[in-house]
């Protein structure tokens, strides 16, 4: 991943609301989408299901620049003290566009979602997606 990539876990369905039952146990939507359940032994203390997470938003952004020749780079970056302001002006003058990609996923990377599917790097469509 690059520095232009961010992710945030979301409580899809609303924090505290009921989620689907898993293995016969009623789950509830918890903070950051991590579900929890209650047991008969301790009906007031939530037990968080750390292997399951539901709801993930990611964002990727890129700036695109026109290509420069080696000669232009050498002329714009002489071997002298680095000037951050001048560097920013040069970058802005070469910018040709920017893009932002927003993605919504059923779970964060390497977690199970409420449907029992893992979020892997396979990049394949699933039956429920």
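Numbering (the working numbering), first residue to last: 4 to 132. Virtual Cβ for every residue (Gly too), placed ideally from N, Cα, C. Small disclaimer: the values here were computed from a predicted structure and weren't measured.
So what's residue 14 in DSSP terms, helix, strand or just coil?
coil
Quick check: what's the CA-CA separation for residue 46 versus residue 20?
16 Å
Going by C-alpha distance, which of 15, 6, 7 and 8 is nearest residue 108?
15
Note down the Cα distance separating residue 104 from residue 114, rounded to an integer number of angstroms.
Approximately 22 Å between the Cα atoms of the pair.
Excluding five sequence neighbours on each side, which residues of the same chain lie with their C-beta closer than 7 Å to the C-beta of residue 4?
Reliability of the predicted coordinates at residue 4 is poor, the pLDDT of 46 falling under 50, and the value obtained from them is presented with this limitation in mind. Here the set comprises nothing.
Take residue 23 and list the residues in its own chain whose beta-carbon comes closer than 7 Å to its own, dropping the five residues that flank it on each side.
30 and 117
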